[in-house]
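Asks:
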Amino acid sequence: MGFLILLIQGVQIGDPVTLYCVFSNQVYNEGNMFWFKQITGEIPEVVARMQKFQPRPELYKEFNNSHLNVERAEADGIYRLTIPKMEPTDEAIYYCASRTDYEVNLINGTFLVLKGNRSDYKTVVQRSYDPVHPGDSVTLQCTVLSETCTGEQIVYWFRAGSGDSHPGVIYTPGNRSDEFEKSPETPSPTQSCVYSLSKNNLSLSDAGTYYCALATCGEILLGNGTTFYIVSSSMFALLMCIVLIIYLMYTRKNKKICDCCNGKSIVIIIILSEKHLVYLYICFRLYFGFK
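Letter by letter, the sequence shown follows residues -16 to -1, 1 to 275 in mature numbering (1 follows the signal peptide of the UniProt record, and there is no 0).
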């Protein structure tokens, strides 16, 4: 089995959608290729099967008479799936796979998520955080504004790290605290359903953006994301050293600060205490020539 990378794409009802699947030359020449559709909470369905010598992809079962269409693109090994107008039933994960005599390999996938008002849920909001330091503890909060908090609900947490790392998934059943308040702007009461995830003893590797996703009644509601900026004490000290160095260089150039400034070197030492450990930073040593 291959490793499936999912892209999340928000779509409005009525929007046209085009998805592409790119197969390698070896797979295109030897294997059977498939498009799959998977609604959350259900088993995958085969949309179409593609083979090199087929003039057109073979649509399966109910997709043969649906508004979904799969066709060969201009280049070999590339197929596209089109949805002329997005409908609520089209919200699902669409992904490609190839099958040989020995294995099935997943190629790539896209999660089509409907945007806008759907069912009783209004919005999912995540609070922002100020920069934190290594060793700190924080609690991620995901607030769902809706008319009801009933029903089976599962919260997933996604973490997108820095660099080229792929988003990771943190699963939690969600520690939820329900708050009920009357909204004066709506005829019906609105509940604030809060889901939380605790992160203790943060390290630099915990930096990134965390997204919550609420799965309920066959729908996925995505949050706007919470980004953690973790500030290292050593980086802060280095920054302060640089600022101090620039200041001293400027003042030495224009006037004498004190008698000791007639020397030929400057050594700036900053001592920090962090968790009972003492760090010594020798930030700068520069020789000046004076007349």
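Glycine included, every Cβ here is placed at the ideal spot set by N, Cα and C.
Remember, it's a predicted structure, so these values are computed and weren't measured experimentally.
Buried or exposed for K45, please, with buried defined as at least 16 other CB atoms from any protein chain shown within 10 angstroms of its CB.
Replies: Taking the first residue of the sequence shown as 1, we reach residue 45 at position 61. By the neighbour-count rule (16 or more Cβ atoms within 10 Å), K45 is not buried but exposed.
Asks: Please confirm if the segment 44 to 60 is in contact with the segment 88 to 102, defined as three or more CB-CB distances below 8 Å between the two stretches.
Replies: Segments in contact, no.
Asks: Do L(-11) and F95 have their CB atoms nearer than 7 Å?
Replies: Working through the sequence shown from its first residue, we reach residue -11 at position 6. Working through the sequence shown from its first residue, we reach residue 95 at position 111. In this structure, F95 lies closer than 7 Å to L(-11) by Cβ.
Asks: First and last residue of the alpha helix (DSSP H) that includes V11?
Replies: Position 27 of the sequence shown, counting from 1, holds the residue named residue 11. Per DSSP, V11 belongs to the alpha helix (DSSP H) from 9 to 14.
Asks: Label E75 either buried or exposed according to how many other C-beta atoms from any shown protein chain fall within 10 Å of its C-beta, with 16 as the threshold for buried.
Replies: Reading the sequence shown from its first residue, position 91 is the one you call residue 75. That one is buried.
Asks: Is the distance from the Cβ of L198 to the Cβ of V88 below 7 Å?
Replies: In the sequence shown, residue 198 corresponds to position 214, counting from 1. In the sequence shown, residue 88 corresponds to position 104, counting from 1. No; because the gap between Cβ atoms is not below 7 Å, this pair is not in contact.
Asks: State the Cα-Cα distance for the pair F20 and C80, rounded to the nearest angstrom.
Replies: Position 36 of the sequence shown holds residue 20. Position 96 of the sequence shown holds residue 80. One C-alpha to the other measures close to 6 Å.
Asks: So what's S82 in DSSP terms, helix, strand or just coil?
Replies: One-based indexing of the sequence shown puts residue 82 at position 98. The answer is strand: DSSP assigns S82 an E or B state.
Asks: Quick one: Cα of Y213 to Cα of N184, how far?
Replies: Your numbering for residue 213 matches position 229 in the sequence shown. Your numbering for residue 184 matches position 200 in the sequence shown. Cα to Cα, the separation comes out at about 15 Å.
Asks: What are the boundary residues of the beta strand (DSSP E) that includes M34?
Replies: Indexing the sequence shown from 1 puts residue 34 at position 50. Taken as a continuous stretch (DSSP letters only), the beta strand (DSSP E) holding M34 covers 29 to 34.
Asks: Which word fits I230, buried or exposed, when buried means at least 16 other C-beta atoms lie within 10 angstroms of its C-beta?
Replies: Mapped onto the sequence shown, residue 230 falls at position 246. I230 is exposed by the Cβ-count criterion.
Asks: Indicate the three-state DSSP secondary structure (helix, strand or coil) for I138 in the structure shown.
Replies: Taking the first residue of the sequence shown as 1, we reach residue 138 at position 154. Note: I138 maps to strand in three-state DSSP.
Asks: On the criterion of 16 or more Cβ atoms from any shown chain inside 10 Å, does Y194 qualify as buried, or is it exposed?
Replies: Numbered from its first residue, the sequence shown carries residue 194 at position 210. Result: buried.
Asks: What whole-angstrom Cβ distance do P41 and V30 have, given they're in contact under 8 Å?
Replies: Here residue 41 corresponds to residue number 57 of the sequence shown, with the count starting at 1. Here residue 30 corresponds to residue number 46 of the sequence shown, with the count starting at 1. No, P41 and V30 are not in contact; Cβ-Cβ is about 11 Å, not under 8 Å.
Asks: Apart from the five residues just before and just after C13, which ones in its own chain have a Cβ nearer than 7 Å to its Cβ?
Replies: Taking the sequence shown and counting its residues from 1, one reaches residue 13 at position 29. Residue 13 is actually Asn in this sequence, not Cys. K36, listed in sequence order.
Asks: In chain order, what residues of the same chain have a beta carbon less than 8 Å from the beta carbon of V97, not counting five sequence neighbours either side?
Replies: Working through the sequence shown from its first residue, we reach residue 97 at position 113. I(-9), Q(-8), G(-7), V(-6), E75, I204, L206.
Asks: Hey, quick one: how far does the beta strand (DSSP E) through residue 277 stretch, first residue to last?
Replies: There is simply no residue 277 to check, as the chain begins at -16 and stops at 275 in what is shown.
Asks: How big is the Cα-Cα spacing for L124 and T73?
Replies: Walking along the sequence shown from the start, residue 124 turns up at place 140. Walking along the sequence shown from the start, residue 73 turns up at place 89. Rounded to the nearest angstrom, the two C-alpha atoms are 32 Å apart.
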